[in-house]
Amino acid sequence: MELSLHRLRMLRELHRRGTVTAAAAALHYTASAVSQQLAQLERDVGAKLFERLGRRVQLTELGTLLTEHAEEILGSVERATLALEEAQEARTVRLTAGVWASVASGLLPTALTALAGTHPGIEVRTRELAPEDTAEAVRDGALDLSFVIEYSDAPTTWDAGLERAVVAVERLHAAVPRGAVPSGAAALDDLAEHPWILAGAKSHFGRAMRTACQRHGFAPKINHEVEEQSTAMAMVGAGLGITLVSDLGLRLLRPPGIDVVTLTTPLLRTVSIAYRRTAFRRPALHLVIDAVRASAAELGLGTEPALP
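Numbering-wise, the sequence shown is residues 1 to 308 according to the UniProt record's numbering.
This is the structure:
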């Protein structure tokens, strides 16, 4: 019997998530591809590993037994990878990182260019995900590391199996139609009467901004609910409302017709790199973290909350 690591990862995801569709989404495959690979795993083993119960899948006794061993096998593979990296002094390593738009455009170009110059054997590949999904993808082994965010008004619950390294602390600013706030600075509650453009309440950003407004005594009047920062900024430029944007977000393409207003009641967000505890000793991981921190420092972003 020859067991495929690829199929064992799929079996592990199926056990964790309960449906083929959820497992496929976590692994970035189609449900059909995962079903085919799991069927092949059953043929490899020569025994039934799971049974369908409606939309969910329940592992058989043998399926549960194989899943337990899969955890050990995949953990051993990760430890072997670490040992090889240490033996090679991290000279030839490939890492996959979860990113979103503002870090991909604001931090990574400088960081990866510098890293390629000093450690050309370290290859960093990226995968764009919603900020809410990146940490989970690291925990499940789909990514080696990911950028994660935590807002001062919406702390994040961290998985016990993950570590994080802070790489930047950003301020949030108000983006308003030109001339809407002539002074160029305002407290958050001074903006209460404006129409707002915000992400949905299920996103980290949307939830944090609603909480911040409530903490300052008002519920924002949200005329437009959009997820993409670039869309929100375009709508601000058209005079349709105001939004909040981070330091890195301001480095994205800014449409005409927008003023950036300093908030006199500071709102902060922390950008970190999350990785599995078992990967703590990977030299390449820490070289990537150092390169990103250096890139953030060049932009004036430190790793400690700024004073008001």
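Ideal placement from N, C-alpha and C gives every residue a C-beta, glycine not left out. All values reported here derive from a predicted model rather than from experimental measurement.
- Task: Using three-state DSSP, classify H6 as helix, strand or coil.
- Result: helix
- [ ] Leaving out five residues on either side along the sequence, give the residues of the same chain with a beta carbon under 6 Å from the beta carbon of V176.
- [x] I242, D259 and V261
**Message:** Let's test the definition: count the other Cβ atoms within 10 Å of the Cβ of A291 and tell me whether it reaches 16, buried, or not, exposed.
**Reply:** Buried, since its Cβ has 16 or more Cβ neighbours within 10 Å.
Provide the residue span of the beta strand (DSSP E) that contains E150, from first to last.
-> Per DSSP, the continuous beta strand (DSSP E) segment holding E150 begins and ends at L145 to Y151.
Applying the 10 Å Cβ sphere with the 16-neighbour rule, what's the burial state of Q214? exposed
Give the range of the alpha helix (DSSP H) segment to which E136 is assigned. T134 to R139
For this session: For T270, name the three-state secondary structure that DSSP assigns.
Result: strand
DSSP three-state assignment for Q214, whether helix, strand or coil: helix
**Message:** To the nearest angstrom, how far is the alpha carbon of S152 from that of K202?
**Reply:** Distance between S152 and K202, taken at the CA atoms: about 17 Å.
Check: Can you tell me the Cα-Cα spacing of H15 and E42, whole angstroms?
Finding: 15 Å
Let's test the definition: count the other Cβ atoms within 10 Å of the Cβ of H119 and tell me whether it reaches 16, buried, or not, exposed. By the neighbour-count criterion, in which a residue is buried when 16 or more other Cβ atoms sit within 10 angstroms of its Cβ, H119 is buried.
### Task
Spatial neighbours of A26 within its chain, please: CB distance less than 6 Å, with the 5 preceding and 5 following residues excluded, ordered by chain position.
E13 and D140
Exercise. Give the range of the alpha helix (DSSP H) segment to which R43 is assigned.
Key: A31 to V45
Are the Cβ atoms of V99 and F147 separated by less than 7 Å? For V99 and F147, yes; Cβs fall inside 7 Å.
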